[in-house]
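Report on the following structure.
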Amino acid sequence: MIVVTAASGALGRLVVERLSARTEVVAAVRDLSRAPAGVAVRHGDYDDPAGLAAAFDGADEVLLISSPELDAATRVAQHRNAIAAARQAGVGAIAYTSFLGADTTATGLTEAHHATEQALRDSGVPHTLLRNPFYSDAFVPTIVDGELTASTGGRGLNTAFRADLADAAVAVLLDDGHIGQTYDLTGPLWTHREVAEALGVVYREVPDDGPGPVRWLNAQVRAGALERQTPDLERVLGRAPRTMAEHLRARQFGEMRLTSGPNG
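With positions in the sequence shown counted from 1, the corresponding number in our numbering is that position plus 7.
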């Protein structure tokens, strides 16, 4: 039996859906009213250690999906609760959705993940680290009047689609050979200019005048911070991850079908 934490979130739902067709899965959620349908559900709140231990009872493996909490100290405490509960429940292994770069830096986005990885090592529970990149789903360019614009200076992004990362998590959970491994997962490197060329639209670099978080991300891209590449995601999937151009072509095709109707 595999227990998936934070199973009401976007990634958790994808993992539960894929696992349910292949093995016994339990969705652990804080809010039972938001639980995925069609699978066993248990209450699992990162702030409730005893409840987590009950949620993990009988589990061979746990997928610990990182908490959405923004405060690093709170997030680390929640993850430690989950790790301690898994150990108390006698869980055989934990797979943890960490973040790319958590092994090299312990500040900002990686702070809580760095500490959680250390907590896993200290726990003695066998585990696998899935260091996810930013989700491509949040970076899909918008094409307006045949033009694609960005403020990324032509630099590359190593994002990956949530669906591919869910498939990678499922592959890891279903094969004991991944236990003890660490995967630095990166999607196929892409630039906005290359995507525009692939789709046959105009590309234009524009001033970086978006909201603060967007400007920060754009600055990271322009500095080359999202250009790291590894073969890990393709290796775990056993296939190539989806590219941004493929995603946009598929979406355009779907929109064309909706517009033209079944008879063209």
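For each residue, glycine too, the CB sits at the ideal point set by N, CA and C.
What you are looking at is a predicted structure, and each value in this text was computed from that prediction instead of being measured.
Cβ-Cβ distance between residue i and residue j below 9 Å
| i | j | result |
| --- | --- | --- |
| aspartate 129 | glycine 99 | no |
| alanine 96 | alanine 61 | yes |
| alanine 176 | threonine 237 | no |
| leucine 196 | leucine 164 | yes |
| leucine 224 | arginine 162 | no |
| valine 36 | alanine 57 | no |
| histidine 185 | valine 228 | no |
| glycine 153 | valine 208 | yes |
| methionine 8 | valine 147 | no |
| arginine 222 | tyrosine 210 | no |
| arginine 19 | leucine 77 | A quick correction: the sequence has glycine, not arginine, at residue 19. Not in contact: glycine 19 and leucine 77 (Cβ atoms no closer than 9 Å). |
| alanine 178 | glycine 231 | no |
| alanine 28 | arginine 49 | no |
| leucine 116 | valine 202 | no |
| arginine 82 | alanine 113 | no |
| proline 133 | glycine 65 | no |
| tyrosine 142 | leucine 172 | yes |
| phenylalanine 63 | valine 10 | yes |
Unbroken beta strand (DSSP E) run spanning residue i, endpoints
| i | result |
| --- | --- |
| asparagine 139 | 134–139 |
| leucine 39 | From DSSP, leucine 39 is part of no beta strand (DSSP E); its letter is neither H nor E. |
| glutamate 154 | 154–157 |
| threonine 189 | 189–191 |
| glutamate 124 | Counting along the chain, glutamate 124 falls outside any beta strand (DSSP E), though it belongs to the alpha helix (DSSP H) covering 118–130. |
| valine 147 | Element bounds for valine 147: n/a, residue is neither H nor E. |
Where the alpha helix (DSSP H) through residue i begins and ends
| i | result |
| --- | --- |
| glutamate 201 | 199–206 |
| leucine 240 | 239–244 |
| arginine 211 | Careful: arginine 211 lies outside any alpha helix (DSSP H), inside the beta strand (DSSP E) at 209–212. |
| arginine 222 | 219–229 |
| arginine 169 | 169–180 |
Expected contact under 8 Å - CB spacing of residue i and residue j to nearest Å
| i | j | result |
| --- | --- | --- |
| aspartate 144 | phenylalanine 168 | 6 Å |
| threonine 156 | alanine 89 | Wrong, their Cβ atoms sit about 41 Å apart, outside the cutoff. |
| alanine 126 | arginine 87 | 5 Å |
| alanine 170 | leucine 26 | Not quite, the Cβ-Cβ distance comes to about 14 Å (not below 8 Å), so this is no contact. |
| aspartate 193 | arginine 249 | With the sequence shown as reference, residue 193 is identified as threonine, and aspartate is not the correct amino acid for it. Wrong, their Cβ atoms sit about 13 Å apart, outside the cutoff. |
| threonine 135 | alanine 102 | 4 Å |
| glycine 108 | isoleucine 72 | So it is not a contact: roughly 18 Å between Cβ atoms. |
| proline 214 | serine 158 | 7 Å |
Where residue i falls, given that 16 or more other Cβ within 10 Å makes a residue buried
| i | result |
| --- | --- |
| aspartate 182 | exposed |
| glutamine 85 | buried |
| serine 74 | buried |
| aspartate 174 | buried |
| proline 140 | buried |
| threonine 166 | buried |
| valine 151 | exposed |
| serine 267 | Unreliable placement is indicated for serine 267, whose pLDDT of 41 sits below 50; no coordinate value is reported for it. |
| leucine 137 | buried |
| leucine 39 | exposed |
| glutamate 131 | Just to set this straight, residue 131 is glycine in the shown sequence, not glutamate. Burial call: exposed. |
| glycine 51 | buried |
| glutamate 212 | exposed |
| aspartate 191 | buried |
| glycine 45 | exposed |
| alanine 257 | exposed |
| proline 220 | exposed |
| alanine 122 | buried |
Whole beta strand (DSSP E) elements within the segment 15–82, 3-residue minimum: Runs found: 32–36, 47–50, 68–71.
Tell me the start and end of each unbroken alpha helix (DSSP H) in the segment 87–111 that is at least 4 residues and wholly inside, in chain order. none
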